[in-house]
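Each remark here refers to the structure printed beneath this line.
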Amino acid sequence: MKRVGLVADLCFLEHITSDSHPEHPDRLRAMYDMLDEEEMRDRFAVLAPRMATLEELQKIHTEAYVRRIESTRGCSHLMLDPDTHLSSETHRVSRLAAGGLLVLLDALGAGTIRNGFALVRPPGHHAEAGRGMGFCIYNNVAVAARYAQHRGLARSVLIVDWDLHHGNGTQHAFESDPTVLYVSSHMYPYYPGTGRMEETGTGPGKGFTVNIPLPGGHGDQDFCWLYEKILVPLAEQFEPDLILVSAGFDIYARDPLGTMRVTEEGFAGMAKLLLGIAQERCNGRILFTLEGGYDVEGQARSVKAVLNVLDGKVPGSPLQLFSPSSQAEEVFQRIRDVHKDHWEF
Numbered sequence: 576m577k578r579v580g581l582v583a584d585l586c587f588l589e590h591i592t593s594d595s596h597p598e599h600p601d602r603l604r605a606m607y608d609m610l611d612e613e614e615m616r617d618r619f620a621v622l623a624p625r626m627a628t629l630e631e632l633q634k635i636h637t638e639a640y641v642r643r644i645e646s647t648r649g650c651s652h653l654m655l656d657p658d659t660h661l662s663s664e665t666h667r668v669s670r671l672a673a674g675g676l677l678v679l680l681d682a683l684g685a686g687t688i689r690n691g692f693a694l695v696r697p698p699g700h701h702a703e704a705g706r707g708m709g710f711c712i713y714n715n716v717a718v719a720a721r722y723a724q725h726r727g728l729a730r731s732v733l734i735v736d737w738d739l740h741h742g743n744g745t746q747h748a749f750e751s752d753p754t755v756l757y758v759s760s761h762m763y764p765y766y767p768g769t770g771r772m773e774e775t776g777t778g779p780g781k782g783f784t785v786n787i788p789l790p791g792g793h794g795d796q797d798f799c800w801l802y803e804k805i806l807v808p809l810a811e812q813f814e815p816d817l818i819l820v821s822a823g824f825d826i827y828a829r830d831p832l833g834t835m836r837v838t839e840e841g842f843a844g845m846a847k848l849l850l851g852i853a854q855e856r857c858n859g860r861i862l863f864t865l866e867g868g869y870d871v872e873g874q875a876r877s878v879k880a881v882l883n884v885l886d887g888k889v890p891g892s893p894l895q896l897f898s899p900s901s902q903a904e905e906v907f908q909r910i911r912d913v914h915k916d917h918w919e920f
């Protein structure tokens, strides 16, 4: 059995943005070229995406919003906001992006894959119930979490978001729900302006949103150390049945939209840590979905590093001893204080 499932399809190139837009089809072309390299070719179970149904989308999004996106069929160029562009096939491609992660969930549930990565676009974590924003149309990871629960594939879902930008749409989808634990590390203050440490959820979901806001400049050691210090105890206490990862590669050291310093080794380190948590807590059930990342070649190399971890073929020695900065230690201490009534770290 090829244990790593991939959703990768040329259809995702048909969502067209302007030539100057950061979220352009070449992001995926570079990744698909990487998958065709000799050392990567034929290693993975490549699954065809399907369109998420209207009912599946409406577990997260309003019917009016979904109908609005459907009404753009055939329009050559529209904008939901200055950042979020649509073309004639966006209505279809965005449903395929959401449905791609659902295909991986079904394969995971059937036991035909052990983990997987949806290499899709447009990204999703900024999309709100009734609004697309930040390059995102539908909230792919949120739709997947609700689908997993609705289909009986998971009761408790841990969503980890390492994108440069805070996943406001994902947080808002689950902020009152104690069955979904949302953990986001992100550059702050920065777009979209949400993701303060004090945003911990509402009502019965209080404590089930854990934000790790960071100024720019943090690299491999800080991210891996914070993930180990925060996610290992959270997973032990929350006991997830499934882990979903919003994998944004705009924390890469040379990304044009950010000032973080994560390298391929750092992405491998975070992926290895998350895979270890999944193996310890939920029988290895972990799926990744692509979010941001705008240094085309650096993103392809970083995705390759994550895929090698998922496939058990990590080149060289991954990070073992994490040496955090004093700033990272301070952030961790503040998170402990904010969440002292909810979690033990």
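Count along the sequence shown starting at 1, add 575, and that's the number in this note's numbering. For each residue, glycine too, the CB sits at the ideal point set by N, CA and C.
Within the continuous beta strand (DSSP E) that includes A822, where are the two ends? L817 to A822
Could you tell me if E840 is buried or exposed, where buried requires 16 or more neighbouring beta carbons within 10 angstroms of its beta carbon? Counting C-beta atoms within 10 angstroms of its own C-beta, E840 has 16 or more neighbours from the protein chains shown and is therefore classed as buried.
CA-CA distance, E598 and T592? 7 Å
For the pair the stretch 850-863 and the stretch 745-765, tell me if three or more CB-CB distances fall below 8 Å. no
Under a Cβ-count criterion, where at least 16 other Cβ atoms within 10 Å of its own Cβ denotes burial, should N714 be classed as buried or exposed? buried
Does E589 come out as helix, strand or coil in the three-state DSSP assignment? helix
What are the residues that DSSP puts in a beta bridge with V785? V758
Take the Cβ of G887 as the centre, count every other Cβ of all protein chains shown within 10 Å, and call the residue buried at 16 or more, exposed below. exposed
Give me the DSSP bridge partner(s) of H660. M654
What distance in whole Å lies between the Cβ atoms of T834 and G791, which are believed to be in contact at a cut-off of 8 Å? 3 Å
Whole angstroms is fine: what's the gap from S900's alpha carbon to L789's? 12 Å
Starting from D927, trace the beta strand (DSSP E) in both directions and tell me its first and last residue. Lying before the first or after the last residue shown, residue 927 is absent from the chain, which here runs from 576 to 920.
Opening and closing residue of the alpha helix (DSSP H) in which V716 lies: N715 to H725
Quick check on C711: does DSSP put it in helix, strand or coil? strand
Burial state of P697 (16 or more Cβ within 10 Å): buried
CA-CA distance, S892 and R616? Note that S892 scores a pLDDT of 48, beneath 50, so its modelled location is shaky; the value from the coordinates is reported in the next line. Their Cα atoms are separated by approximately 23 Å.
Which one of E919, R836, G675 and L683 has the shortest CA to CA distance from K804? E919
With distance defined between alpha-carbon atoms, name the residue in Y722, V668 and T647 nearest to D678. A quick correction: the sequence has Val, not Asp, at residue 678. Ranking Y722, V668 and T647 by Cα distance to V678 puts Y722 first.
Exposure of D797, with buried meaning 16 or more beta-carbon neighbours within 10 Å: buried
Which value, in whole angstroms, describes the spacing of the CA atoms of H761 and K634? Counting only the Cα atoms, K634 lies some 26 Å from H761.
Restricting to Cα atoms, I'd like to know which of H914, E866 and H590 is closest to A717. E866
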